[in-house]
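Novice:
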Amino acid sequence: MIGLEEVEIWKKLSSPFGNSEEIPQLLLQLSKTLDKKIADEIIWEYVYHQGSVYENTLATVPHLLKIIESSNNLEFNLDVIASLGVVLIDLDNDSYLKQIFQDNSLDENEKNRIQSAFMNSIETFKKLVIHNLQNTNVLDEESKRFYLISFLVTEKRHKEADIFKTFSSNDEYIFVCPNCEEETFLWNEEGILNAYSQDPVTNKNQKKLKIDLNTSNINLEWLEKPIKTININSLKPLVPYFKGDIECHNCNKKSNVLDGIMNSI
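Just so we're aligned: the sequence shown equals residues 0 to 264 in numbering that gives the first Met the number 0.
1) Between the Cα of Lys209 and the Cα atoms of Asn178, Glu20, His248, which residue gives the shortest distance?
2) Answer with buried or exposed for His62, where buried requires no fewer than 16 other C-beta atoms within 10 angstroms of its C-beta.
3) Nearest-angstrom Cα distance between Asn193 and Leu222?
4) Fully enclosed by the segment 135–181, which beta strand (DSSP E) runs are 3 residues long or longer?
5) Would you give the residue range spanned by the beta strand (DSSP E) that Ile121 belongs to?
6) Apart from the five residues on each side of it in sequence, which residues of its chain come closer than 6 angstroms, Cβ to Cβ, to Val86?
7) Please specify which runs of the alpha helix (DSSP H), each continuous and at least 4 residues long, are wholly inside the segment 194–241, giving them in chain order.
8) With H, G and I counted as helix, E and B as strand and the rest as coil, what does DSSP make of Phe75?
9) Opposite Gly50 in the DSSP bridges: which residues?
10) Where does the unbroken alpha helix (DSSP H) through Lys253 begin, and where does it stop?
11) Taking C-beta to C-beta, are Leu12 and Ala58 nearer than 8 angstroms?
12) Quick check: the segment 126–139 against the segment 14–28, are at least 3 beta-carbon pairs closer than 8 angstroms?
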């Protein structure tokens with residue numbers, strides 16, 4: 000792991016603002032204060048700015064996890080764990096990790112230290128997610144859905160996790176037919192997932208499309224179990240719809256709803 004005192008190395012790491020020389024000081028402040036605002040600044044401004052990861056992402060994540068491991072602040076720990084799940088969705092294979100450093104001035108030893116520490120931190124992240132599952136009852140519904148993202152990442156279901164990042168508000172989903180690529184709009188209306196051929200915001204008087212809840216044999220235990228464990232009441236009513244089938248309004252072929260949602264990612 001790159002030490003906080005090794006500022007010259009941090010200066011070599013890309014960030015949205017050029018280099019990453021400010022991150023060590025921010026991490027040091029965070030370790031002393033457990034200030035959520037500082038954590039948010041590090042994560043959303045420096046290492047995952049506008050949905051992009053940077054070279055500094057790999058160097059920073061191990062430090063954030065180390066801070067969580069030393070912290071007894073439950074609210075802080077849960078918040079950072081849930082945030083890091085979103086960051087880690089995009090860091091799901093070794094070849095991509097190597098590409099991040101393709102045009103960098105780091106020497107091989109520095110690269111290897113950063114990559115090795117990051118890969119080791121993935122296991123630490125998994126342990127922290129599992130350990131804190133029992134504490135997620137203190138979270139609000141939106142935070143629980145973000146915690147689900149972290150859990151799915153630890154299960155190596157990165158694309159599935161991306162569904163709940165992309166449609167984080169849980170008020171609408173997009174189904175893209177696996178056969179013809181036509182879009183169908185799925186609206187969560189008080190726990191009922193209604194399907195429309197056109198965007199219902201601009202086309203209010205259209206007929207709903209049928210989602211058949213009785214024909215699909217898809218097994219969603221991997222999703223149902225964490226939803227139940229985390230007690231995500233906002234997602235429980237949608238699971239039968241995710242299991243269901245929908246007939247595409249364009250090609251008239253049936254496909255599983257969740258498969259179509261994943262096809263939109």
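Each residue gets a CB set at the ideal place from its N, CA and C atoms; glycine is no exception.
Specialist: Well, looking at it:
1) His248
2) buried
3) 20 angstroms
4) 171–175
5) Not the beta strand (DSSP E): Ile121 falls in the alpha helix (DSSP H), residues 107–130.
6) Tyr47
7) 220–229
8) helix
9) DSSP, once it has assigned bridges, lists no residue as partnering Gly50.
10) From DSSP, Lys253 is part of no alpha helix (DSSP H) but of the beta strand (DSSP E) over 253–255.
11) yes
12) no
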